[in-house]
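Take a look at the structure below.
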Amino acid sequence: MDGFGASDAWHGPLTNAQADLFFSPTSGIGLSLLRMGINQDGGTFSTWNNAKLAIARGARVWAAPWSPPASLKTTGDRNSGSLRSDAYATWATTLASFVTNFNGNVGSPLYAISAQNEPDFETDGKYDMCLYSFPDMAAFVGRLGAAVAALNLPSPPKILAPESASWDKLWSYASAIKADPVARGYVGIYATHQYGGVRPYQPLDKPLWETEQSSFEAFDPSIANALKVGGWINEAITSGNASAWHYWWLNGINDDNEGLIGKKGDFQLTKRLFALGHYARFVRPGWVRIGVDGSVSGVLVTAFKQPATGDFAVVVANSGGATTRTFSVPGADGSAVAAYVTADTPLGAIGTDGNLSLGSASQQVPASIPVAQGRFTAPLARGLTTFVGKAN
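Take the sequence shown: its position 362, counted from the start at 1, is 362 in the UniProt record's numbering, and no numbers get skipped.
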């Protein structure tokens, strides 16, 4: 696994407390990736300090552009059209300048840079966009890769593409990139958004990231919405074989569910924030997915292990009523697992009952559950539970 994250595009500055909530693996949900937005001038849509705050808490930062300047577009408009073919080198140089801007302002290397946000999606004039055909994306990846390589950095960012809006288009873009020897040599991460669902994995020669998903219904902080998010993550990892997963915004700017928390920037907590924390806080970069028994209808189970230490995490999303399940983890040799719970309890600060809490008194889930011969039997509340233990 490479991590879990969200975007601060069009956000104001984060406070230290907000950065702790999003990125701290001890007092927050432990996001390990921050996705920034690149503006048409090679700057950021948010603030460099947000990146500093994320990195100080152990996260890696990458960035994506929404549109080149209007003067480089086929329509002369940032909200429509494509990048002119004679402007590829100019725009690639501007994106490379973002890398140097980031490194200089943040004081740490940018982890990855995307060729384009949603190159397959027409925004109908509502916000910045840039369309690329499959071969055009491959051609531009080659130009971007060359521009970044020319910086001669000791830790150059990975090139990420195509970041299509839907999984359906991912494979056509990836095929075009793999068929182009220049683009294939530069791309380091394949990426897609999850709008429209997940499609079964097809072999790729580089890691696959899911880099955006949210929903646009009226603001819903409930456990039902958290379970929806848990299902998205489970599907992207198990069916899509994604090694990273991102929600859209950290904090919602609109009156819907585009942010992990908040609506219209009010920073209101939600159960979906804690749902993502069930993965992000415990499944750290470098962990690998392992097999686990215990899935039944209405109970989604994924398990992960840190190869060097044997630490493991079993993440369970139970959309049914309270129940009890037995789980078998290969090599589990500790005496107990710790249970962290998000359930249909009153919303509160992280760690309070049913809000990514260690155990839950109201849901009758103990903080510690005994393990015997690699198996443990645990009560499950309606919601999400992560069991953390040790394996050989």
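Backbone N, C-alpha and C define an ideal beta-carbon position, used for all residues, glycine too.
| Query | Result |
| --- | --- |
| Between the C-alpha atoms of Arg-65 and Gly-389, what's the straight-line distance to the nearest angstrom? | Residue 65 is actually Pro in this sequence, not Arg. Taking the straight line joining both Cα atoms gives about 40 Å. |
| Need the endpoints of the alpha helix (DSSP H) that Glu-235 sits in, please. | 223-238 |
| Is it true that the CB of Arg-325 sits closer than 9 Å to the CB of Leu-384? | no |
| Look at the alpha carbon of Phe-23 and the alpha carbon of Trp-48, and state the distance between them as a whole number of angstroms. | 16 Å |
| Taking a contact to mean a Cβ-Cβ separation below 9 Å, would you say Ser-2 touches Leu-34 in this structure? | In the sequence as presented, Ser is not what sits at residue 2; that position holds Asp. For Asp-2 and Leu-34, no; Cβs fall outside 9 Å. |
| Measuring CA to CA, which of Gly-28, Met-137 and Phe-376 is closest to Val-182? | Met-137 |
| Tell me whether Arg-57 sits in a helix, a strand or coil according to DSSP, three-state version. | coil |
| Between Ala-96, Ala-19, Ala-174 and Trp-167, which has its C-alpha nearest Phe-134's C-alpha? | Ala-174 |
| Go ahead and label Asp-128 buried or exposed: buried means 16 or more other beta carbons lie within 10 angstroms of its beta carbon, across all protein chains shown. | buried |
| Near Gly-252, which residues of its chain fall below 6 Å by C-beta distance, leaving aside the five closest residues on each side in sequence? | Glu-258, Gly-259, Gly-262 and Lys-263 |
| What ranges does the beta strand (DSSP E) occupy inside the region 317-357, keeping only unbroken runs of at least 3 residues that lie completely in it? | 323-328 and 336-343 |
| If you drop the 5 nearest sequence neighbours on each side, which residues of the same chain put their C-beta closer than 7 Å to that of Asp-333? | Lys-390, Ala-391 and Asn-392 |
| With burial defined as no fewer than 16 other Cβ atoms inside 10 Å of the residue's Cβ, what is the status of Glu-217: buried or exposed? | exposed |
| Report the residue ranges of all alpha helix (DSSP H) runs contained in full by the region 167-231; include only those spanning at least 4 residues, in chain order. | 167-179 and 181-186 |
| Quick check on the DSSP output: the beta strand (DSSP E) that includes Ser-368 runs from which residue to which? | 368-370 |
| Am I right that Asn-234 and Ala-317 are in contact with their C-beta atoms under 8 Å? What's the rounded C-beta distance? | 6 Å |
| To the nearest angstrom, how far is it from the Cα of Trp-209 to the Cα of Ile-189? | 7 Å |
| Quick test of the definition: if touching needs 3 or more C-beta pairs under 8 Å, does the region 76-96 touch the region 142-153? | yes |
| Are Ala-339 and Ile-369 close, meaning C-beta to C-beta below 9 Å? | yes |
| Per DSSP, which one or two residues make a beta bridge with Lys-73? | Leu-83 |
| Does the region 195-211 touch the region 149-157, meaning 3 or more C-beta pairs lie closer than 8 Å? | no |
| Just the C-alpha distance for Arg-60 and Arg-84, rounded to the nearest angstrom, thanks. | 32 Å |
| Go ahead and pull the three-state DSSP assignment for Met-36. | strand |
| Would you give the residue range spanned by the beta strand (DSSP E) that Tyr-247 belongs to? | 244-251 |
| Please report the straight-line C-alpha distance between Gly-359 and Val-315, rounded to a whole angstrom. | 14 Å |
| Under DSSP, the alpha helix (DSSP H) around Ala-378 begins and ends at which residues? | It is not in any alpha helix (DSSP H) - Ala-378 instead sits in the beta strand (DSSP E) that spans 375-380. |
| Smallest Cα separation from Thr-386: which of Val-341, Ser-362, Asp-266 and Gly-351? | Val-341 |
| Please look up how many angstroms separate the CB atoms of Gln-213 and Trp-167, rounded, as I've assumed it's under 8 Å. | Going by Cβ atoms, the distance from Gln-213 to Trp-167 rounds to 10 Å, so no, they are not a contact pair. |
| Tell me the start and end of each unbroken alpha helix (DSSP H) in the region 133-158 that is at least 4 residues and wholly inside, in chain order. | 134-149 |
| What are the residues that DSSP puts in a beta bridge with Ala-62? | Residue 62 is actually Trp in this sequence, not Ala. Beta-bridge pairing links Trp-62 to Arg-35 and Ala-112. |
| Give the range of the beta strand (DSSP E) segment to which Lys-305 is assigned. | 299-305 |
| Leaving out five residues before and five after Ala-280 in sequence, what residues of the same chain have Cβ atoms less than 6 Å from its Cβ? | Phe-4, Ile-29, Gly-30 and Leu-31 |
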